[in-house]
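Colleague: One structure, as structure tokens, below. Some questions next.
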Amino acid sequence: MSNPNEVRDFIWVEPHHGDYVMLSRAAGMLALHAAAASMRRNTPGFIPDERLGSDTTLLALELVLSGLWRRVEGGYDIVDAWERRVR
151 MSNPNEVRDF
161 IWVEPHHGDY
171 VMLSRAAGML
181 ALHAAAASMR
191 RNTPGFIPDE
201 RLGSDTTLLA
211 LELVLSGLWR
221 RVEGGYDIVD
231 AWERRVR
């Protein structure tokens, strides 16, 4: 049995009901902090390139490949699970 206090390197995320993706903990933290920052900067759901450094390039790619972010001109959009369900 694993130790409940151990640090987990990966997390499961449910972007919409019934679908799960596995993310690195670092990508999950980037997604969380970027979403909060987009709200503070009054650009909800949009993360401009200049807000991400070279150290987050692979994490952003992980979020795109997982379907949680979408690459757009000038940055990234957070994919809205509700929008995907309505289509």
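According to this note's numbering, the sequence shown is numbered sequentially starting from 151. Glycine residues also receive a C-beta, built at the ideal position from the N, C-alpha and C atoms.
1. Over what stretch of residues does the beta strand (DSSP E) that includes G225 continue unbroken?
2. Contact between the segment 191-199 and the segment 160-175: three or more CB pairs below 8 Å?
3. Please identify the residue among R158, D169 and R191 whose C-alpha is closest to the C-alpha of S216.
4. Are the CB atoms of L213 and A181 nearer to each other than 8 Å?
5. Once DSSP output is grouped into helix, strand and coil, what is the label at S216?
Modeller: The relevant details are as follows:
1. First-last of the beta strand (DSSP E) with G225: G225 to I228.
2. No, the segment 191-199 does not touch the segment 160-175.
3. Shortest Cα-Cα distance from S216 to any of R158, D169 and R191 involves D169.
4. L213 is a Cβ neighbour of A181, given a cutoff of 8 Å.
5. Coil.
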